[in-house]
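Chains as they are written, first to last, in this note's numbering: chain L, 728 to 861; chain H, 728 to 861; chain C, 40 to 320; chain F, 40 to 320.
Cβ atoms here follow ideal geometry from the backbone N, Cα and C, with glycine treated the same way.
Right, one structure below, let's go through it.
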Ligand SMILES: [Fe+3]
Ligand SMILES: [Fe+3]
């Protein structure tokens with residue numbers, strides 16, 4: 728029997744500039760995402776803001792994940808298994824809106840990104856498939 | 728459309744000497760069962776054994792449920808929404824085995840009940856259906 | 040006998056909750072977004088249209104469920120649910136009250152229909168559920184309807200297929216029809232439309248695709264039912280996948296439906312806002 | 040390619056764990072119970088029969104799941120699971136190690152097959168899972184196979200139908216066959232047979248019914264697939280319903296199976312112990 732699961736997942740890698748949150752990413756990012764969840768509690772946010780490095784010591788994340796958290800490098804965090812809804816707890820704690828945080832992943836300035844959205848958003852033209860180049 | 732759910736559930740009431748753990752019972756027994764779950768932790772078992780009445784004050788159970796817990800009246804507890812797997816935490820904390828606790832619901836002594844089991848258990852003859860009397 | 044009278048779909052962008060909670064609805068940015076809901080806020084107060092119960096299909100955004108628990112379909116059967124603290128404090132909106140008798144009936148009926156539901160009795164509900172309530176009902180002291188939360192996993196892949204969502208909708212319709220009490224029941228599908236909030240391609244919006252999706256909710260729903268996940272992802276952005284939840288709402292309605300109202304606006308935050316009100320013909 | 044080589048069914052009576060843990064296996068009461076597993080403990084050590092992975096279908100008995108969370112079908116995808124403290128301390132048995140790559144593959148395949156699985160990444164496993172391990176593997180320092188826990192709700196009604204369980208078994212077979220690694224996979228169904236551990240009717244045992252159920256696992260499995268819940272309850276006691284989990288194991292095997300071994304004994308605690316080893320013809 729063909730491996731439907733692999734076929735299903737393989738197509739996701741063909742989408743430009745997109746990391747679909749597959750179970751592979753979910754496993755890689757387990758502790759990273761659980762760390763983010765901890766920031767849903769006000770007392771944890773306080774401890775985190777007081778000393779980020781100390782707070783991270785309690786979490787079984789890789790050094791790469793910790794560095795990317797400290798750097799707020801969201802594309803890197805996605806590559807390391809972070810999920811945007813979990814990462815949202817991190818940028819919300821920083822007081823960033825979704826638009827502000829999301830813009831940091833696009834290579835645009837916040838204003839450029841906002842202007843693109845106001846003009847109707849990013850066109851799907853050319854960014855549907857790496858293989859098809861459409 | 729006929730109410731399949733009601734039809735499905737109604738049949739359960741026709742079984743002699745049996746309380747099927749329907750969602751109705753699950754709702755009625757919610758706090759009773761959650762109280763039982765708390766006894767899975769050693770520190771809670773210790774507090775419970777030290778002062779049962781005091782321990783029960785923390786739980787939003789009805790007075791009937793509390794009295795039945797204190798009396799270890801398992802048939803009554805089933806009627807009040809208890810589920811046997813949850814109630815097992817209570818009789819396990821008392822050091823009772825499943826056979827010992829279960830025998831208290833049958834109107835037999837523990838020895839009589841054990842003898843029945845050794846002889847092949849209770850026959851289904853006559854206790855399949857209240858309506859059919861078989 | 041309970042009656043399934045209408046289906047509503049709407050985006051559930053968190054910013055739209057913020058806009059309402061902070062009194063910004065008249066600002067230039069927000070005004071055209073909220074204006075598209077005026078029709079519905081009026082319509083839904085009419086005696087024939089006011090639901091007693093809403094089965095509110097939404098997804099949790101890492102609020103009630105973390106990586107330790109990923110239910111494909113979860114139904115909330117508790118008496119009430121509190122707004123979640125998503126990292127900036129809970130929304131100042133009323134407690135969500137359930138019709139627990141009805142919710143348990145639906146849960147039971149769905150399991151008898153061979154849907155592998157997870158029953159949840161203790162959870163907070165996030166913007167996915169509370170923002171549509173604010174959009175449809177405004178800012179009342181109490182929500183004017185009972186709410187059955189039905190949470191769908193659209194975060195960790197594979198999420199349920201469009202076909203499975205549609206079938207769940209059909210089973211919801213059977214559950215409603217078989218409930219003896221006389222209730223006006225609506226099913227709401229939330230999330231969508233185009234949006235991608237991650238990676239270099241973030242900000243993607245596909246108005247053409249979205250409008251065709253809205254068209255086909257009435258014209259060719261069977262096409263939508265068969266759309267594979269990859270099409271949502273390529274065409275509408277990674278978070279556009281939330282639209283599979285609209286198919287639960289659509290599957291719960293009959294073969295033929297009438298579109299009573301449509302609203303489409305770009306942007307709200309990173310998202311294309313879509314909203315329709317449908318009734319059975 | 041992974042191969043589904045055999046199915047095993049067994050009761051999971053907690054007392055049988057106690058008997059092993061407390062070294063009572065040679066006592067008069069226990070001896071004939073455990074003797075029926077000798078054949079299997081020998082068989083399973085043979086190179087052809089030793090599973091690399093067991094998909095172990097069981098139910099949680101208010102250990103990992105309380106009334107706040109009732110998943111119809113839950114699959115454990117974490118790397119390991121600890122024996123639960125069920126009220127008298129955890130059983131002194133090895134940690135249960137998963138093949139997480141395989142478990143996630145199965146979970147994904149089942150969801151693509153339109154089963155509404157709940158994925159669980161943090162849970163303790165109770166006697167429902169650990170007693171069959173002890174019966175089949177004895178008391179090793181480490182369990183000799185990786186275990187995928189598959190928990191089924193058979194406590195709060197409605198539980199999944201026999202038909203749905205059977206279909207889940209078929210989908211498990213597809214998941215196994217589509218896994219690229221060369222693994223010997225077994226599916227175990229646990230629980231049952233006749234027992235009722237509550238109410239005045241407690242202690243019910245229906246040997247005739249149980250034996251016919253065992254017969255029809257090979258002779259007429261389609262009859263078993265269609266048995267309604269009420270028949271299990273009336274005929275085999277309220278906890279006899281656990282046998283629907285055997286149908287997941289049976290559904291995962293092919294149309295024709297051979298019974299390699301059978302064991303049936305009354306009583307263990309309140310329960311009729313049943314055990315079979317099946318392989319595809
Ligand atoms: Fe959303
Ligand atoms: Fe059991």
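**Request:** Could you tell me the distance, in whole angstroms, from the CA atom of residue 187(F) to the CA atom of residue 160(F)?
**Result:** As a working mapping, residue 187(F) is identified with position 148 in the fourth chain. As a working mapping, residue 160(F) is identified with position 121 in the fourth chain. Approximately 12 Å, taken between the alpha carbons.
Note to self: Just to make sure I have the definition right: I need the residues of chain F whose C-beta is within less than 9 Å of the C-beta of residue 773(H). Which are they?
What the structure shows: For the purposes of this step, residue 773(H) is taken as residue 46 along the second chain, with counting starting at 1. Per Cβ cutoff of 9 Å: no residues; residue 773(H) is ~13 Å from chain F at best.
- [ ] Give me whichever residues DSSP pairs with residue 225(C) in a beta bridge.
- [x] Reading the third chain from its first residue, position 186 is the one you call residue 225(C). In the DSSP output, where bridge partners are listed per residue, residue 225(C) has 45(C), 93(C).
Note to self: If I follow the unbroken beta strand (DSSP E) through residue 159(C), where does it start and stop?
What the structure shows: As a working note, residue 159(C) is residue 120 in the third chain. Bounds of the beta strand (DSSP E) holding residue 159(C) are 157-159.
Notebook entry, point to check: Using a C-beta cutoff of 7 Å, does residue 858(H) count as contacting chain F?
Noted result: On the second chain, position 131 is the one that residue 858(H) refers to. No, residue 858(H) does not count as interfacial toward chain F.
Next on the checklist: Alpha carbons only, please: which of 284(F), 262(F), 305(F), 276(F) is nearest the one belonging to residue 55(F)?
Outcome noted: The count along the fourth chain starts at 1 and reaches residue 55(F) at position 16. Selected option, being the one with the closest Cα: 305(F).
Rounded to whole angstroms, how far is the Cβ of residue 318(C) from the Cβ of residue 79(C), which I believe are closer than 8 Å? Reading the third chain from its first residue, position 279 is the one you call residue 318(C). Reading the third chain from its first residue, position 40 is the one you call residue 79(C). 12 Å between Cβ atoms; not a contact.
Per DSSP, what are the beta-bridge partners of residue 307(F) in this structure? One-based indexing of the fourth chain puts residue 307(F) at position 268. DSSP output for residue 307(F) lists 310(F) as bridge partner(s).
Relative to the C-alpha of residue 133(F), which residue among 140(F), 142(F), 123(F) is closest? In the fourth chain, residue 133(F) corresponds to position 94, counting from 1. Answer by Cα proximity: 123(F).
CB-CB under 7 Å to residue 745(L), same chain, minus the five flanking residues each way: which ones, in chain order?
-> Mapped onto the first chain, residue 745(L) falls at position 18. Closer than 7 Å at Cβ, skipping near neighbours: no residue.
| said: If the criterion is Cβ atoms closer than 7 Å, does the pair residue 275(C) and residue 52(C) meet it? | reply: Along the third chain, read from residue 1 onward, the residue named residue 275(C) stands at position 236. Along the third chain, read from residue 1 onward, the residue named residue 52(C) stands at position 13. Inclusion of residue 275(C) and residue 52(C) in the CB contact set at 7 Å is not warranted, their separation being larger than that value.
Q.
Just checking: is the beta-carbon of residue 245(F) within a distance shorter than 7 Å of some beta-carbon in chain H?
A. Here residue 245(F) is taken as the residue at index 206 of the fourth chain, counted from 1. So yes, residue 245(F) belongs to the interface.
Contact set between residue 112(F) and chain C, taken where Cβ atoms lie within less than 8 Å: For the purposes of this step, residue 112(F) is taken as residue 73 along the fourth chain, with counting starting at 1. Near residue 112(F) (Cβ distances below 8 Å), the residues of chain C are 155.
What residue range is occupied by the uninterrupted alpha helix (DSSP H) comprising residue 860(H)? One-based indexing of the second chain puts residue 860(H) at position 133. First-last for residue 860(H): undefined, no H or E at that position.
| Hey, is residue 152(F)'s beta-carbon within less than 7 Å of any beta-carbon in chain C? | Position 113 of the fourth chain, counted from the first residue, corresponds to residue 152(F). Contact with chain C is absent for residue 152(F), since none of that chain's Cβ atoms lies less than 7 Å from the residue's Cβ.
When the Cα atoms are used, what is the spatial distance from residue 75(C) to residue 264(C)?
In the third chain, residue 75(C) corresponds to position 36, counting from 1. In the third chain, residue 264(C) corresponds to position 225, counting from 1. Each residue's Cα considered, the two are about 26 Å apart.
Using a cut-off of 9 Å between C-beta atoms, extract the partners of residue 160(C) located in chain F. The sequence position of residue 160(C) within the third chain is 121, counting from 1. Neighbours of residue 160(C) on chain F, chain order: 105, 106, 107, 108, 109.
Within 6 Å: the Cβ of residue 281(C) and any heavy atom of ligand 1? Numbered from its first residue, the third chain carries residue 281(C) at position 242. Checking the Cβ of residue 281(C) against ligand 1 gives yes.
- Task: Mind checking which residues open and close the alpha helix (DSSP H) that includes residue 776(H)?
- Result: Numbered from 1 along the second chain, position 49 holds the residue referred to as residue 776(H). In the DSSP annotation of this structure, the continuous segment of the alpha helix (DSSP H) that includes residue 776(H) starts and ends at 769-777.
Please list, in chain order, all residues of the same chain as residue 215(C) whose beta carbon is under 6 Å from its beta carbon, the five residues on each side excluded. Residue 215(C) sits at position 176 when you count from the first residue of the third chain. Only 41, 43, 224 meet the Cβ criterion.
By the DSSP assignment, the alpha helix (DSSP H) with residue 258(C) in it spans what residues?
As a first step, residue 258(C) must be located in the third chain, where it is residue number 219. That run of the alpha helix (DSSP H) goes 246-258.
Discussion item. Looking at chain C, is there any beta carbon in it that lies within less than 7 Å of the beta carbon of residue 776(L)?
Written reply: Against the first chain, residue 776(L) aligns to sequence position 49. No, residue 776(L) lies away from the interface with chain C (no Cβ there is under 7 Å from its Cβ).
Which residues, in order along the stretch 47-72 of chain F, keep a beta-carbon less than 9 Å from a beta-carbon of chain H? Using a CB distance below 9 Å, the part of the stretch 47-72 of chain F facing chain H consists of 52, 53, 54, 57, 68, ordered along the chain.
inquiry  = Does residue 320(F) pass the burial test, meaning 16 or more other C-beta atoms within 10 Å, or should it be called exposed?
reply    = Working through the fourth chain from its first residue, we reach residue 320(F) at position 281. Under this definition residue 320(F) is an exposed residue.
| request: Identify the continuous alpha helix (DSSP H) that holds residue 115(C) and give its terminal residues. | output: Reading the third chain from its first residue, position 76 is the one you call residue 115(C). Careful: residue 115(C) lies outside any alpha helix (DSSP H), inside the beta strand (DSSP E) at 112-115.
What distance in whole Å lies between the Cβ atoms of residue 197(C) and residue 150(F), which are believed to be in contact at a cut-off of 8 Å? Sequence index remark: in the fourth chain, residue 150(F) carries index 111 (1-based). Sequence index remark: in the third chain, residue 197(C) carries index 158 (1-based). About 5 Å; that satisfies the 8 Å criterion.
What is the DSSP secondary structure of residue 66(C), counted as helix, strand or coil?
Translated into the one-based positions of the third chain, residue 66(C) becomes position 27. Note: residue 66(C) maps to coil in three-state DSSP.
Quiz item: Does the Cβ of residue 776(L) have 16 or more other Cβ atoms within 10 Å, making it buried, or fewer, making it exposed?
Solution: Walking along the first chain from the start, residue 776(L) turns up at place 49. Exposed.
Quick test of your reading: residue 167(C) and residue 245(C), contact by CB under 8 Å. State the CB separation rounded to the nearest angstrom. Your numbering for residue 167(C) matches position 128 in the third chain. Your numbering for residue 245(C) matches position 206 in the third chain. Not confirmed; about 21 Å, so no contact.
Contact between the stretch 290-308 of chain C and the stretch 250-262 of chain F is defined here as three or more beta-carbon pairs at a separation below 8 Å; is this criterion met?
no
- Query: residue 760(H) by DSSP, collapsed to three states: which one?
  - Reply: As a first step, residue 760(H) is located in the second chain; it is residue number 33 there, counting from the start. Of the three classes helix, strand and coil, the one that applies to residue 760(H) here is helix, per DSSP.
- Any beta-carbon of chain F closer than 7 Å to the one on residue 750(L)? Here residue 750(L) refers to the residue found at position 23 of the first chain. Yes, its Cβ sits closer than 7 Å to a Cβ of chain F.
> What are the residues of the stretch 113-142 of chain F that lie near chain H, defined by any Cβ-Cβ distance shorter than 9 Å?
Replying inline: 123, 124, 125, 126, 127, 128
- Query: Can you name the residues of chain C whose CB is closer than 7 Å to the CB of residue 197(F)?
  - Reply: Within the fourth chain, numbered from 1, the residue matching residue 197(F) stands at position 158. Neighbours of residue 197(F) on chain C, chain order: 147, 150, 151.
| Any idea if residue 821(H) is buried or exposed, counting beta-carbon neighbours within 10 angstroms, 16 or more meaning buried? | One-based indexing of the second chain puts residue 821(H) at position 94. Result: exposed.
Residue from 852(L), 857(L), 770(L), 806(L) with nearest C-alpha to residue 832(L)
For the purposes of this step, residue 832(L) is taken as residue 105 along the first chain, with counting starting at 1. Closest option to residue 832(L), Cα to Cα, is 806(L).
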